[in-house]
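S.K.: Using my numbering, you'd call the opening residue of the sequence shown number 6 and step up by one each time.
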Amino acid sequence: MANQKMLGFVHTAQAMPDKRSAGERRQDFNEIYARFSTERADEQASRCSQCGVPFCQVHCPVSNNIPDWLKLTAEGRLEEAYEVSQATNNFPEICGRICPQDRLCEGNCVIEQSTHGAVTIGSVEKYINDTAWEQGWVKPRTPARENGQSVGIIGAGPAGLAAAEELRAKGYAVHVYDRHDRMGGLLVYGIPGFKLEKDVVGRRVKLLADAGVVFHPNFEVGRDASLADLRAKHVAILIATGVYKARDIKAPGCGLKNIVPALDYLTTSNKVGLGDSVAAYDDGSLNAKGKKVVVLGGGDTAMDCVRTAIRQGATSVKCLYRRDRKNMPGSQREVAHAEEEGVEFVWQVAPEGFTGEKRGGDDVVTGVRAVRIHLGVADATGRQTPQVIEDSEFTEPADLVIKALGFEPEDLPDAFGSPDLTVTRWGTLLVDHRTKMTSLDGVFGAGDIVRGASLVVWAIRDGRDAADSMHAYAQSVTAESLAVAAE
Ligand SMILES: Cc1cc2nc3c(=O)[nH]c(=O)nc-3n(C[C@H](O)[C@H](O)[C@H](O)COP(=O)(O)OP(=O)(O)OC[C@H]3O[C@@H](n4cnc5c(N)ncnc54)[C@H](O)[C@@H]3O)c2cc1C
Ligand code: SF4
């Protein structure tokens, strides 16, 4: 239905793409939403009110020109919509799938504010760009000419990959170093397939390789080379290593077997989904099948763990979180999906320890001891402090406990053998916010290692900004050396 008029929200209700039934979703790791049909995408895009000041764009970290690509979609001009969409975002079909739109673009859509229900921006973005892939419009961005300089990027997550694409297009020889065997960072080994199918990431990585980006898998900076070694090889370096030190819980029984960190659990599940054989999955230690599973935490990682456990065939899955539903950091959409799939949330409880028993020579966990809490008076930031309710102790039975309590940066100056690399008191990289340069000349930072645990779309934004600064830096270095040579 091409050539839709805009402002369709007055007669057309908000509609998401069809969602698979919870019963079906529980059986596999495929994405839960189908794609919009062309008619439905046109119709939903036409609901946009084409605001003079588009708050959706203001609240999109990559400043996507959303009203324009919605209008082009509504008019059936899909290839142009794709051109506009990809101009600001290296991985638009990925953001369309996994951005928490309710907190970003859609949450600030004017027609959402006027209670008509936001334009389903993320789903249209996914539709435009998946169609572009199918139609062959997505092409490797090979440079018009090589500029003779090389850059090094440490970390192949969204920040590193976005920077790699931008720098390659400017003519640099781009080398990406990652300690994993596959490229993609948390896109491939953190986020489960039911939110982001892995071939969607794989085709992007291949596109970069086709553009000439050189990947160095299984290359850990700090083990296989120091930062100084890499710095000597490249005109500029980007550190985009993410945050991986799991926050832990110190409580009686915390050393029992089958109490595991969330990322070990999710990485294993993703590897198995990709066809790898993983001993810890086969021997049951990182596999929820037939188990009573308790997940500690209330963020996106916890949501991914509970929903993974359901799909692995856990007998029950409970999520214990110390605040209530409206104060949890995880996306409300994800909580709703998890509940539909059979996850039980136990709000306002705090773990105090773990019970265990001896089985086959091992001390294994049998339960989580917890207390109930209520939320006290709000502090200056508006957050209410949790307080323990007297005599509220209980034990939640568990065969597998997954700790999803957040992540912190590793000690980079130590790991990289670079004591001069300055970090903040939280251990994140200290960068000049304008240039993204660290305390080391020509070494830049982007993504979670600068911001702390954040979002894919912010990592992309940082990677793009860092690429611009690295280019400006490399040009200034070239100009300086030319001036010296001329003297
Ligand atoms: C389980 C989970 C679910 C999430 N879900 C969402 C979501 O739904 N939506 C969303 O927007 N965000 C989500 N996030 C957050 C998002 O994944 C991150 O914000 C984003 O991936 C950060 O990108 P990055 O490039 O900075 O780092 P990463 O994606 O972490 O990539 C860093 C890369 O650096 C490599 N590396 C680290 N150290 C070294 C070294 N010494 N040498 C070589 N390589 C190294 C790592 O192997 C990794 O590949 C989720 C995070 C997790 C953990
Ligand atoms: S990148 Fe994310 S925030 Fe921006 S328009 Fe797409 S889904 Fe919304």
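We put the CB at the ideal spot given by N, CA and C, even for glycine.
When DSSP labels each residue in this structure, what does Tyr-326 get in the three-state scheme?
M.R.: For the purposes of this step, residue 326 is taken as the residue at position 321 of the sequence shown. Here Tyr-326 sits in strand by DSSP.
S.K.: Could you tell me whether any non-hydrogen atom of ligand 1 is closer than 7 Å to the CB of Phe-220?
M.R.: Looking up residue 220 in the sequence shown gives position 215. Phe-220 Cβ: outside cutoff for every heavy atom of ligand 1.
S.K.: Does Met-442 come out as helix, strand or coil in the three-state DSSP assignment?
M.R.: Indexing the sequence shown from 1 puts residue 442 at position 437. The answer is strand: DSSP assigns Met-442 an E or B state.
S.K.: The beta strand (DSSP E) with His-221 in it runs from where to where?
M.R.: Working through the sequence shown from its first residue, we reach residue 221 at position 216. Here the beta strand (DSSP E) through His-221 covers 219-221.
S.K.: Take Val-193 as the anchor and find which of Lys-276, Pro-402, Ile-71, Ser-282 has the nearest alpha-carbon.
M.R.: Start at 1 with the first residue of the sequence shown, and residue 193 comes out as number 188. Among Lys-276, Pro-402, Ile-71, Ser-282, the Cα nearest to that of Val-193 is on Lys-276.
S.K.: Is Trp-74 buried or exposed, if buried means 16 or more other CB atoms sit within 10 Å of its CB?
M.R.: As a working note, residue 74 is residue 69 in the sequence shown. Buried is the call here.
S.K.: Leu-109: beta carbon under 7 Å from a heavy atom of ligand 2?
M.R.: Residue mapping note: residue 109 aligns to position 104 of the sequence shown, counting from 1. Under cutoff, so the answer is yes.
S.K.: Once DSSP output is grouped into helix, strand and coil, what is the label at Phe-14?
M.R.: In the sequence shown, counting from the first residue as 1, residue 14 sits at position 9. If DSSP states are grouped into helix, strand and coil, Phe-14 belongs with the helices.
S.K.: Below 8 Å, can you find three or more Cβ-Cβ pairs linking the stretch 249-259 to the stretch 398-405?
M.R.: no
S.K.: If you run the structure through DSSP and keep just helix, strand and coil, what is Val-489?
M.R.: Residue numbering aside, residue 489 sits at position 484 when the sequence shown is read from its first letter. DSSP places Val-489 in helix when its eight states are reduced to three.
S.K.: For Pro-222 versus Gly-190, is the C-beta distance shorter than 8 Å?
M.R.: The sequence position of residue 222 within the sequence shown is 217, counting from 1. The sequence position of residue 190 within the sequence shown is 185, counting from 1. Their beta carbons are not under 8 Å apart, which means Pro-222 does not touch Gly-190 by this criterion.
S.K.: Counting Cβ pairs closer than 8 Å, one from the stretch 90-102 and one from the stretch 132-141, do we hit at least three?
M.R.: Yes: the two stretches touch, three or more of their Cβ pairs being nearer than 8 Å.
S.K.: For Gly-127, is the beta carbon positioned less than 7 Å from some heavy atom of ligand 2?
M.R.: As a working mapping, residue 127 is identified with position 122 in the sequence shown. Correct: Gly-127 has its Cβ closer than 7 Å to ligand 2.
S.K.: Is any heavy atom of ligand 2 found at a distance shorter than 7 Å from the C-beta of Cys-114?
M.R.: If you number the sequence shown from 1, residue 114 lands on position 109. Flag unset: Cβ of Cys-114 not near ligand 2.
S.K.: Using a Cβ-Cβ cut-off of 6 Å (strictly less than) and excluding sequence neighbours within five positions of Asn-70, which residues of its own chain qualify?
M.R.: Position 65 of the sequence shown, counting from 1, holds the residue named residue 70. For Asn-70, where only same-chain residues beyond five positions count, the Cβ hits under 6 Å are Val-89.
S.K.: Take every Cβ of the stretch 282-289, pair it with every Cβ of the stretch 199-206, and state whether three or more of those distances are shorter than 8 Å.
M.R.: Too few Cβ pairs lie closer than 8 Å, so no.
S.K.: Is the beta carbon of Val-369 closer than 8 Å to that of Asn-263?
M.R.: In the sequence shown, counting from the first residue as 1, residue 263 sits at position 258. In the sequence shown, counting from the first residue as 1, residue 369 sits at position 364. Yes, Cβ-Cβ distance for Asn-263 and Val-369 is below 8 Å.
S.K.: Using three-state DSSP, classify Thr-147 as helix, strand or coil.
M.R.: Counted from its first residue, the sequence shown places residue 147 at position 142. Coil at Thr-147, not helix or strand.
S.K.: Under DSSP, the beta strand (DSSP E) around Glu-139 begins and ends at which residues?
M.R.: Locating residue 139 in the sequence shown gives position 134, counting from the first residue. Taken as a continuous stretch (DSSP letters only), Glu-139 belongs to no beta strand (DSSP E), being part of the alpha helix (DSSP H) at 126-140.
S.K.: What does Asp-368 pair with, by DSSP beta-bridge criteria?
M.R.: Position 363 of the sequence shown holds residue 368. DSSP output for Asp-368 lists Lys-363 as bridge partner(s).
S.K.: Any heavy atom of ligand 1 inside 7 Å of the beta-carbon of Ser-459?
M.R.: Stepping through the sequence shown from its first residue, residue 459 is reached at position 454. When distances are taken from the beta-carbon of Ser-459 to the heavy atoms of ligand 1, the shortest one is below 7 Å.
S.K.: Which partner residues does Leu-434 have in the DSSP bridge list?
M.R.: For the purposes of this step, residue 434 is taken as residue 429 along the sequence shown, with counting starting at 1. Answer is Val-428.
S.K.: As a quick exercise: from Asp-23, Pro-22, Ala-409, Arg-45, pick the residue whose alpha carbon is nearest that of Gly-496.
M.R.: The structure shown does not extend to residue 496, since the chain is modelled only from 6 to 492, so the question has no answer here.
S.K.: Below 8 Å, how does it come out for the stretch 422-440 and the stretch 317-334: are there three or more Cβ pairs, yes or no?
M.R.: no
S.K.: Grouping DSSP H, G and I as helix and E and B as strand, with all else coil, what is Glu-395?
M.R.: In the sequence shown, counting from the first residue as 1, residue 395 sits at position 390. Note: Glu-395 maps to coil in three-state DSSP.
S.K.: I need the DSSP call for His-379, collapsed to helix, strand or coil.
M.R.: Here residue 379 refers to the residue found at position 374 when the sequence shown is read from its first residue. It is a strand residue.
S.K.: Once the 5 residues before and after Val-298 are set aside, which same chain residues still bring their CB inside 6 Å of it?
M.R.: Here residue 298 refers to the residue found at position 293 of the sequence shown. Around Val-298: Ala-314, Ala-319, Val-322, Leu-405.
S.K.: Given this structure, state the Cα-to-Cα distance separating Glu-80 from Arg-338, to the nearest angstrom.
M.R.: Here the question's residue 80 lines up with position 75 in the sequence shown. Here the question's residue 338 lines up with position 333 in the sequence shown. Rounded to whole angstroms, Glu-80 to Arg-338 spans 30 Å at the Cα level.
S.K.: Using three-state DSSP, classify Leu-301 as helix, strand or coil.
M.R.: In the sequence shown, counting from the first residue as 1, residue 301 sits at position 296. Strand at Leu-301.
S.K.: With H, G and I counted as helix, E and B as strand and the rest as coil, what does DSSP make of Leu-225?
M.R.: As a working mapping, residue 225 is identified with position 220 in the sequence shown. According to the sequence shown, residue 225 is Glu rather than Leu. The answer is coil: DSSP assigns Glu-225 none of H, G, I, E or B.
S.K.: Since Ala-479 and Val-143 are thought to touch, with beta carbons under 8 Å apart, how far apart are those beta carbons, to the nearest angstrom?
M.R.: The residue given as residue 479 occupies position 474 in the sequence shown. The residue given as residue 143 occupies position 138 in the sequence shown. Contact doesn't hold; Cβ gap of about 27 Å is too wide.
S.K.: On a Cα-Cα basis, can you pick out the residue from Arg-364, Asn-332, Gly-278, Ala-20 that is closest to Leu-387?
M.R.: The sequence position of residue 387 within the sequence shown is 382, counting from 1. Strictly speaking, residue 387 in this sequence is Gly, with Leu absent from that position. It is Asn-332.
S.K.: Give a yes or no on whether the minimum CB-CB distance between Ala-420 and chain B is below 8 Å.
M.R.: Considering every chain present, this structure includes no chain B. It has just one protein chain.
S.K.: Using CA coordinates, which residue listed in Ile-126, Gly-112, Tyr-132, Phe-220 is at the minimum distance from Gly-165?
M.R.: The residue you call residue 165 lines up with position 160 of the sequence shown. For the residues Ile-126, Gly-112, Tyr-132, Phe-220, the minimum Cα distance to Gly-165 belongs to Phe-220.
S.K.: I'd like to confirm something about Lys-203: is its beta-carbon nearer than 7 Å to some heavy atom of ligand 1, or not?
M.R.: Here residue 203 refers to the residue found at position 198 when the sequence shown is read from its first residue. Checking every heavy atom of ligand 1 against the Cβ of Lys-203, none is found closer than 7 Å.
S.K.: Quick check on Tyr-87: does DSSP put it in helix, strand or coil?
M.R.: Position 82 of the sequence shown, counted from the start, is the residue given in the question as residue 87. In this structure, Tyr-87 counts as helix in the three-state DSSP scheme.
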